[in-house]
Amino acid sequence: MHSLEHFSSVSGLTLNPTKSNIFITGRLRDASQDILDLAPFPRGHLPVRYLGLPLASQRISENDYAPLFKSVDGFLSKWGTLKISYAGKLELIRAVIQGVQSFWLQAFPVQKYVLDRITSLCRDFLWGSKFAKVAWSDICKPKAEGGLGLRDAETWNNALLCKILWNIASKKDSLWVKWVHNIFIKQDDIWQWQPKKRYSVLFKRLAYVRELLVQKLGSHNSSMEVAMQTVCEGDNLVPSKVYDLLRLEGGCWAVLLGPHGKKESKSHSKWDCS
């Protein structure tokens, strides 16, 4: 209990025994009863939901994504009964479905089969029973490139996770970031640090997106902290800028900029689904 009291004094967060549970995993299972005898709140069992998202001690399963599937399917089923133009459907997918999806994507790596399933639902909603006129990958291109401006879910997931990576790299003043540095990063440079095999999927994915950033920026910059300013506004990373960077095939950020630092675009064929 002394540790919990110390946590409260350091963090300013006071535990409410009537709304708290204790979760015991790993090596602590052998001492679970001793811990429960000391704790003023009951034992909980993972996975649980917090702010609508699943919390688990292992990789999130397909069942844990059920609320996401239910939410997306609910919106699409409701809209499917209405007469909506292609433009209207695209706006609903962009503003609502991809908004709901982003709430999950910003928290942790989402498995590809989950993203593919949601993409399939959105594709069926957009085209109905008709044959898809345009590949989804083309729809997810910017309008300047002949697309319709939707975001590719996997790339957007990586871009949002880069925000977590940047918070760690910039040592943002948060309790979680301090915990990560103290327990996992320690004295290592985050741009060189390698997660151990036993570490969570999140840390392994952060190492992966870090390498994506290094490929795009690192070969032309001596310092990643300096290079990262191209996708930041002040001290804050902007996921949309990271997305634009990551979606480039084999290029670097510089190819988006002209000689005077202004964005340049090439002509692309456009199509109309009206």
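All residue numbers for the sequence shown refer to the working numbering, where the first residue is -18 and numbers rise by one. Heads up, the beta-carbon is just placed ideally off N, CA and C, and yes, glycines get one too.
For residue i, which residues of its own chain have a beta-carbon under 6 Å away from its beta-carbon, when the five flanking residues on both sides are left out?
i      : result
Trp174 : Ile166
Trp172 : Met205
Cys143 : Val190 and Val223
Ala20  : Ile3
Go ahead and pull the three-state DSSP assignment for residue i.
i      : result
Tyr31  : strand
Arg104 : helix
Asn148 : helix
Cys213 : strand
Arg179 : coil
Leu218 : strand
Ile3   : strand
Asp36  : Reading off the sequence shown, one finds Leu at residue 36, where the question assumed Asp. Of the three classes helix, strand and coil, the one that applies to Leu36 here is strand, per DSSP.
Arg228 : coil
Arg132 : coil
Between the options, which has its C-alpha nearest residue i's C-alpha?
i       : options                          : result
Asp54   : Gln39, Val95 and Val195          : Val95
Ser(-8) : Asp11, Leu218, Asp154 and Ile171 : Asp154
Val212  : Trp160, Trp147 and Ser83         : Trp147
Thr100  : Gly127, Leu131, Ala88 and Lys124 : Leu131
Leu102  : Ser(-11), Gly80, Ala47 and Leu57 : Leu57
Lys124  : Asp225, Gly7 and Asp11           : Asp225
Leu198  : Ser38, Ile164 and Leu227         : Leu227
Gln188  : Leu86, Ile145 and Ser13          : The residue you asked about is not Gln; residue 188 is Ala in the sequence shown. Nearest of Leu86, Ile145 and Ser13 to Ala188, Cα basis: Ile145.
Asp169  : Leu156, Trp157 and Ala150        : Ala150
Rounded to the nearest angstrom, what separates residue i and residue j at their Cα positions?
i       : j      : result
Lys122  : Leu129 : 6 Å
Ile65   : Arg30  : 34 Å
Ile16   : Phe89  : 29 Å
Leu(-4) : Ser42  : 29 Å
Ala140  : Asp18  : 44 Å
Ser248  : Val219 : Because Ser248 sits at a pLDDT of 34, beneath the cut-off of 50, its placement in the model cannot be relied upon, and the point is left open.
Tyr46   : Lys177 : 27 Å
Pro35   : Glu126 : 37 Å
Val115  : Asp133 : 14 Å
I'd like the list of long-range same chain contacts for residue i, defined as Cβ closer than 7 Å, with 5 residues on each side in sequence excluded.
i     : result
Phe22 : Pro(-2), Ser1, Asn2 and Ile3
Lys93 : Glu135
Spatial neighbours of residue i within its chain, please: CB distance less than 8 Å, with the 5 preceding and 5 following residues excluded, ordered by chain position.
i        : result
His241   : Only weak support is given to the placement of His241: the predicted model assigns it a pLDDT of 37, under 50, and the value that follows is read from those uncertain coordinates. Closer than 8 Å at the Cβ level, and outside the excluded window around His241, lies no residue.
Phe112   : none
Phe84    : Gly33 and Leu34
Leu(-15) : Leu(-4)
Trp60    : Lys70, Leu73 and Phe106
Using 8 Å as the threshold, is the segment 68 to 88 in touch with the segment 100 to 112, meaning 3 or more CB pairs across them? yes
Does the segment 216 to 231 come within contact of the segment 172 to 186, defined as at least 3 CB pairs closer than 8 Å? no
Can we say the segment 35 to 52 touches the segment 186 to 193, given the rule of at least three CB pairs closer than 8 Å? no
Validate contact between the segment 112 to 121 and the segment 75 to 85 using beta carbons, cut 8 Å, 3 pairs: no
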